[in-house]
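Peer 1: Here my numbering is used: the first residue of the sequence shown is 734, the next is one more, and so on.
Where is the CB? At the ideal position from N, CA and C, for every residue including glycine.
Computed from a prediction, not measured in an experiment: that's the story for all the values here.
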Amino acid sequence: MRVQVAIIGSGPSGLLLGQLLTNAGIDNVILDRVDRDYILGRIRAGVLESGTTRLLDEAGAGARMHAEGLIHDGFSLSFSGRRHRIDLKRLTGQSVTVYGQTELTHDLMDRREATGGKAIYNARNVTPHDFGGAPYVTYEKDGVTHRIDCDFIAGCDGAHGASRAAVADKGMKAFERVYPFGWLGVLADVPPVDHELIYANHIRGFALCSQRSLSRSRYYVQVGLEEKVENWSDDAFWDELRRRLPDDVAQALVTGQSLEKSIAPLRSFVAEPLRYGSLFLVGDAGHVVPPTGAKGLNLAASDVHYLFEGLRDFYLDKTDAALDAYSSRALARIWKAVRFSWSMTQLLHRFPDSGDFGQRIQEAELDYLTTSHAAQEAMAENYVGLPY
Ligand code: APR
Ligand code: PHB
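The following block contains the structure:
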């Protein structure tokens, strides 16, 4: 097979890039090591910046998101038994859309199928080759090795994929921070406790009340890295969540059986640069952020925007400038989101070594946020997403 762009990974990054390329008449194939259902079984965050919704529309996959997504004009911070609302709309003129990553992925997969895009699932041992020269990708399927020749390879295969591994000894510099805790998350078919999200700073640890729809909720509590999900019954989870919320919220909480329960460790990671000859790192392959602030999917979208502009200009206008600028343009936005996710994590979690002093510093910062328009504006501007 020969294509213009070989895309490794059928997550949001690969699917979004693939659809924008297809719409522009640029030939591409998507390869993934697992199948559609496996990918759609993953539960991830669900807050979309307006740039992400715009790109989904541009891809032609935004209809269901507009019909079913929930527009949120603000969110709350809770601490010291009180609550403060960050009015995103008033502070920035913008809102965010609550729509699960799983649904967005589903819509992009459907769109790809409807437009006849090439996709190869269950492709084993996908490997990018010769990206300093004449690039190609190999993979195995049903015991046969296949080869795809291409002009460019888009590494959209996440943090543990083949793309990042292939450039790790090609001058890649890794920047990393590992946090000493994880998030225990529960998905349940119960109405959300509030019409907006609540991020809670509590002496027992962070908690988050999020949602996927008016009848499906997503809740999280901060847990130690040694915690095992099988040791958390649903009741234990709900009890712990209630303890970390203001009384009125805790009393209003509707609980039910969990549909999914998992623990995710928190870390920040950035690879530099994002381009290695004709191989580009995109989305989680290039960077990971802690979920505080829900930037992961949105950063994947802005990467796709920059790379798509580069590829479109290359093929349609025969100019290299935007492609050459991909790594630096994407990284400039990535680092700002990495900083924001890190600062939200810092502000809201209980750190094992920071003690009572650390708790008071957090409370002072939160108190400052409630009284300073400038501080609220800075938080809101980052939360709705920096422009691109
Ligand atoms: N070969 C082929 N495919 C692979 C390989 C591999 N070696 N390794 C991983 N993949 C596939 C995975 O099966 C997955 O479908 O690449 C895809 C990567 O998708 P994501 O991990 O969702 O990454 P991305 O598309 O960049 O989306 C970023 O996902 O992790 C969240 O917070 C993150 O929301 C953000 C979004
Ligand atoms: C989620 O709904 O899963 C979610 C929402 C907001 C976050 C993180 C996760 O900051």
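Give me, in chain order, the residues of the same chain whose beta-carbon lies closer than 6 Å to that of Leu-803; leave out the 5 immediate sequence neighbours on both sides.
Peer 2: Correct list, in chain order: Val-831.
Peer 1: Any heavy atom of the ligand PHB closer than 7 Å to the beta-carbon of Thr-1025?
Peer 2: Result yes, Cβ under 7 Å from the ligand PHB.
Peer 1: When you compare the region 841-857 with the region 977-988, are there three or more beta-carbon pairs, one atom per stretch, that lie closer than 8 Å?
Peer 2: Short answer: they don't touch.
Peer 1: Does the beta-carbon distance from Val-1021 to Ser-1001 come in below 8 Å?
Peer 2: In contact: Val-1021 and Ser-1001 (Cβ atoms closer than 8 Å).
Peer 1: Can you say whether Asn-1115 is buried or exposed, counting buried as having 16 or more other CB atoms within 10 angstroms of its CB?
Peer 2: Per the 10 Å Cβ criterion, buried.
Peer 1: Given a cut-off of 8 Å on the beta-carbon distance, is the pair Gly-742 and Gly-891 in contact?
Peer 2: Their beta carbons are under 8 Å apart, which means Gly-742 touches Gly-891 by this criterion.
Peer 1: DSSP three-state call for Gln-1095: helix, strand or coil?
Peer 2: Gln-1095: helix per DSSP, three-state reduction.
Peer 1: Between Ala-1063 and the ligand APR, is there a pair consisting of the residue's CB and a ligand heavy atom that are separated by less than 7 Å?
Peer 2: Outside the cutoff, so no.
Peer 1: Look at the alpha carbon of Glu-993 and the alpha carbon of Val-987, and state the distance between them as a whole number of angstroms.
Peer 2: So the alpha carbons of these two residues sit roughly 16 Å apart.
Peer 1: Pro-998 bridges to which residues according to DSSP?
Peer 2: Pro-998 pairs with Gly-915.
Peer 1: What do you reckon, is the C-beta of Val-780 under 7 Å from a heavy atom of the ligand PHB?
Peer 2: Because some heavy atom of the ligand PHB lies under 7 Å away, the Cβ of Val-780 counts as near it: yes.
Peer 1: Based on the DSSP output, what are the partners of Gln-944 in its beta bridges?
Peer 2: Per DSSP, Ser-950.
Peer 1: Threshold first: 3 residues or longer. Then list the beta strand (DSSP E) segments lying entirely within the region 985-1046, N to C.
Peer 2: List check, beta strand (DSSP E) in window: 991-1005, 1012-1014.
Peer 1: Going by the CB atoms, is the gap between Ala-792 and Leu-837 shorter than 8 Å?
Peer 2: Cβ distance not < 8 Å, so Leu-837 and Ala-792 don't count as in contact.
Peer 1: Can you tell me which of Thr-786, Val-859, His-879, Met-798 puts its alpha carbon nearest to the alpha carbon of Met-734?
Peer 2: Checking every option, the nearest Cα to that of Met-734 belongs to His-879.
Peer 1: Return yes when the C-beta of Leu-930 is under 7 Å from any heavy atom of the ligand PHB, and no when it is not.
Peer 2: Leu-930 Cβ: within cutoff of the ligand PHB.
Peer 1: Whole angstroms are fine: how far does the CA of Pro-1085 sit from the CA of Pro-925?
Peer 2: For Pro-925 and Pro-1085, the distance between alpha carbons rounds to 30 Å.
Peer 1: For Leu-690, verify whether its CB is less than 7 Å away from any heavy atom of the ligand PHB.
Peer 2: Any question about residue 690 goes unanswered here, given that the chain covers just 734 to 1121.
Peer 1: Output needed for Trp-971: all residues of its chain with C-beta closer than 6 Å, excluding positions within five of it in sequence on either side, in chain order.
Peer 2: Within the same chain, Trp-971 has close Cβ partners Thr-988.
Peer 1: Look at the Cβ atom of Leu-978, then the Cβ atom of Gly-915, and state whether they are nearer than 8 Å.
Peer 2: No, Cβ-Cβ distance for Leu-978 and Gly-915 is not below 8 Å.
Peer 1: With hydrogens ignored, establish whether the beta-carbon of Tyr-777 is closer than 7 Å to any heavy atom of the ligand APR.
Peer 2: Checking the sequence, you will find Arg at residue 777 rather than Tyr. Under cutoff, so the answer is yes.
Peer 1: Identify whether Glu-909 lies in helix, strand or coil by the three-state DSSP scheme.
Peer 2: Strand.
Peer 1: Tell me the DSSP secondary structure of Gln-752 in three-state form.
Peer 2: If DSSP states are grouped into helix, strand and coil, Gln-752 belongs with the helices.
Peer 1: Since Glu-929 is in the beta strand (DSSP E), which residue starts that stretch and which ends it?
Peer 2: Here Glu-929 belongs to no beta strand (DSSP E), and DSSP marks it neither H nor E.
Peer 1: Is the shortest distance between the beta-carbon of Gln-955 and the beta-carbons of chain D less than 8 Å?
Peer 2: Structure shown: chain D not included; a single protein chain is present.
Peer 1: So what's Leu-803 in DSSP terms, helix, strand or just coil?
Peer 2: Correct three-state label for Leu-803: strand.
Peer 1: Measure the Cβ-Cβ separation of Ile-886 and Val-900 and say whether it is below 8 Å.
Peer 2: Contact flag unset, no.
Peer 1: If you pair each beta-carbon of the region 943-956 with each one of the region 810-823, do three or more pairs fall below 8 Å?
Peer 2: No, they do not touch.
Peer 1: Mapping DSSP to helix, strand and coil, what is Glu-959?
Peer 2: DSSP places Glu-959 in coil when its eight states are reduced to three.
Peer 1: Cβ atoms of Leu-749 and Val-1037: under 8 Å apart, would you say?
Peer 2: In contact: Val-1037 and Leu-749 (Cβ atoms closer than 8 Å).
Peer 1: Taking 7 Å as the cut-off, does the CB of Arg-897 come closer than this to any heavy atom belonging to the ligand PHB?
Peer 2: Checking the Cβ of Arg-897 against the ligand PHB gives no.
Peer 1: What whole-angstrom Cβ distance do Gly-865 and Gly-1010 have, given they're in contact under 8 Å?
Peer 2: That belief holds up - the Cβ atoms of Gly-865 and Gly-1010 are roughly 4 Å apart, short of 8 Å.
Peer 1: Do three or more CB pairs link the region 1021-1036 to the region 1065-1083 at distances below 8 Å?
Peer 2: The region 1021-1036 is in contact with the region 1065-1083.
Peer 1: Closer than 7 Å: is that where the CB of Leu-947 sits relative to any heavy atom of the ligand PHB?
Peer 2: Because no heavy atom of the ligand PHB lies under 7 Å away, the Cβ of Leu-947 does not count as near it: no.
Peer 1: Give the C-beta separation of Val-736 and Cys-883 to the nearest angstrom, bearing in mind that I take them to be a contact with Cβ-Cβ under 8 Å.
Peer 2: Val-736 to Cys-883, Cβ: 5 Å. Contact.
Peer 1: Any idea which residues DSSP pairs Leu-920 with across the strands?
Peer 2: For Leu-920, which the question treats as bridged, DSSP gives the partners Arg-951, Glu-993.
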